[in-house]
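Going letter by letter, the sequence shown gives residues 233 to 294 in the working numbering. Built from N, CA and C at the ideal position, the CB exists for glycine as well. Nothing here was measured: the structure is a model prediction, and the numbers come from that model.
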Amino acid sequence: MKTQKEIQTAWEIWMLINRLNDLLFERYEEDFPDIDPYEQQDPCLGPLGPLGVIDAQDKTKG
């Protein structure tokens with residue numbers, strides 16, 4: 233069961249992330265359309281690119 237503190241913390245984090253999103257968009261709004269994430273892929277990131285998400289790897293399995 234979720235505690236009231238956990239719910240409050242999650243809410244505050246969510247609000248801060250949304251505020252950060254707004255601030256970043258306001259600052260870089262004109263620059264964002266110029267960025268092509270597929271054109272600027274870092275070879276160290278592999279085929280997933282900068283926005284890829286992978287599952288955690290279990291190092292205990294052989």
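In this structure, how does DSSP classify T241 when only helix, strand and coil are distinguished?
Numbered from 1 along the sequence shown, position 9 holds the residue referred to as residue 241. Note: T241 maps to helix in three-state DSSP.
Helix, strand or coil for M247, going by three-state DSSP, please let me know.
Within the sequence shown, the letter at position 15 stands for residue 247. Looking at M247 - three-state DSSP - the assignment turns out to be helix.
Just how far apart, CA to CA, sit L248 and K237?
By one-based count along the sequence shown, residue 248 stands at place 16. By one-based count along the sequence shown, residue 237 stands at place 5. Cα to Cα, the separation comes out at about 16 Å.
In whole angstroms, what separates the C-alpha of F257 from that of D266?
As a first step, residue 257 must be located in the sequence shown, where it is residue number 25. As a first step, residue 266 must be located in the sequence shown, where it is residue number 34. Their backbone Cα atoms lie some 13 Å apart in a straight line.
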